[in-house]
Amino acid sequence: MKTIHDFPRAALGITPTPLHKLENLSRRYGKNLYIKRDDMTGVGLGGNKVRKLEYLLADAQAKGADVVFTTGGAQSNHAMLTAACCNKLGMRAVLLLKKRGVTETKGNLILDHLLGAEVHFIDTDSYDQVYAEMRRMGDELQAEGHTPYYIPVGGSTALGALGYVAAMEETYAQSKEMGVRFDHTVCVCGSGGTTAGTAVGTKLYSPGTKVLGIAVDDDPFEEIVPRLMEETLGLLESPLTVEKGDVDILFHVGAGYGLAGVEDTAAVKEMAQSEGIFLDPVYTGKAFALFLELLRKGYFDGEENILFLHSGGAGGLFAVELPE
Ligand SMILES: *Cc1c(COP(=O)(O)O)cnc(C)c1O
């Protein structure tokens, strides 16, 4: 069995990120609610992708890559953070973004521009088509003597998920220091890597703590997440296997991926107005909306200490509309 420390890691983030109690919301909902501030990972505007990129880009470096390809929606936080992290490591980022959502120069697209990333819009809904184009462009660069490295959407491979295994080691060490044991850890599920890594890390470092992933897109995450968990445990050469109670997935997609509803605006405002913390309209705001509804409906009855993972996404606030 390996430990998380056996894997090469590019030192990109500024960690540990803060972990603290949400005092006003805890009082309102009658629970001890905590937040892990991975919106403050220290690169770009912060966010969960920095932790995944620490393992993915270390692999790229080991393979001698000088150009990194990745993809996502037009407002992808992952693509923006890939560009930011590549800049730190002296690699070039090529972003193949789906021509969907907000494609005007707003939000993350402004940041992509400032970061000097090469952005190409691909007019398709199929990631297979995007990956085929990525390969074609990469092959061309290779013929010119470059070494390309490919990161799939969201960086949600087993290697990327290791970032959240490491994040959970950090988180549960912090909670131990605080004398708190979490009954439940709640995170956002967008492409699955964060939830898979969080569930594996929780199994390793805080067995018995439940994990809930709140999906903001309608892919079959009940299958995707356990499969990624198995692959991640495989990388770690762990004797553990994925069990039924390791992770629950609930969906809050609303009108569609990237489309916030009025209840999401209310959740973003509740966090901002109670705690002075900004959530985002695509991921954390939506997950928090369902999280608050679950608190009201008694989903966490019998539990005292609950952790919400803030995975970042601030750029989306300046691109995506929050309906009133
Ligand atoms: C990408 C992203 C997520 C989802 O993480 P996955 O690992 O793709 O499931 C959550 N929150 C924010 C802000 C993100 O950018």
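Counting from 1, position 164 in the sequence shown corresponds to residue 163 in numbering that gives the first Met the number 0; the numbering is continuous, with no gaps.
No residue lacks a Cβ here, since even glycine has one placed at the ideal position from N, Cα and C.
query: Consult DSSP for Phe6 and reduce its assignment to one of helix, strand or coil.; result: coil
query: Buried or exposed for Gly301, going by 16 or more other Cβ atoms inside 10 Å?; result: exposed
query: Sorted by chain position, which residues of the same chain lie with C-beta nearer than 7 Å to Ala195's C-beta, five sequence neighbours on each side aside?; result: Ala160, Val224, Leu227, Met228, Thr231
query: Given this structure, state the Cα-to-Cα distance separating Val129 from Gly314, to the nearest angstrom.; result: 23 Å
query: Cβ atoms of Asn107 and Met90: under 8 Å apart, would you say?; result: no
query: Sorry if obvious, but does the Cβ on Thr104 come closer than 7 Å to a heavy atom of ligand 1?; result: no
query: Using the C-alpha atoms, what's the distance from Gln173 back to Thr123?; result: 43 Å
query: Quick one: using the 10 Å Cβ neighbour count with 16 as the cut-off for buried, is Thr156 buried or exposed?; result: buried
query: DSSP three-state label for Ile109, please.; result: helix
query: Drop a sphere of 10 angstroms on the beta-carbon of Gly244, count the other beta-carbons inside from all chains shown, and report buried for 16 or more, exposed for fewer.; result: exposed
query: Determine the burial state of Ser125: buried for a count of at least 16 other Cβ atoms within 10 Å of its Cβ, exposed for fewer.; result: exposed
query: Looking at Leu308 and Pro280, is the spacing between their C-beta atoms short of 8 Å?; result: no
query: I want to check one thing, is the minimum distance from the CB of Cys84 to the heavy atoms of ligand 1 below 7 Å?; result: no
query: The alpha helix (DSSP H) that contains Val281, what's its start and end?; result: Note, Val281: premise wrong, no alpha helix (DSSP H); not H, not E.
query: Count the other CB atoms within 10 Å of the CB of Ile150; is the residue buried (16 or more) or exposed (fewer)?; result: buried
query: Would you list the one or two residues that DSSP bridges to Lys48?; result: DSSP lists no partner for Lys48.
query: What are the start and end residues of each continuous beta strand (DSSP E) run of 3 or more residues lying completely inside the region 147-188, in chain order?; result: 147-150, 183-188
query: Do Gly46 and ligand 1 come close, with the Cβ less than 7 Å from some heavy atom?; result: yes
query: Tell me the DSSP bridge mates of Asp217?; result: DSSP output for Asp217 lists no bridge partner at all.
query: Can you tell which of Leu158, Asp138, Ala64, Leu239 has its C-alpha closest to the C-alpha of Gly191?; result: Leu158
query: When you compare only the Cα positions, how much space is there between His119 and Asn304?; result: 44 Å
query: Mapping DSSP to helix, strand and coil, what is Val93?; result: strand
query: Is Asp217 closer than 8 Å to Phe181 when the C-beta atoms are compared?; result: no
query: May I have the straight-line CA-CA distance separating Gly45 from Lys296, to the nearest angstrom?; result: 32 Å
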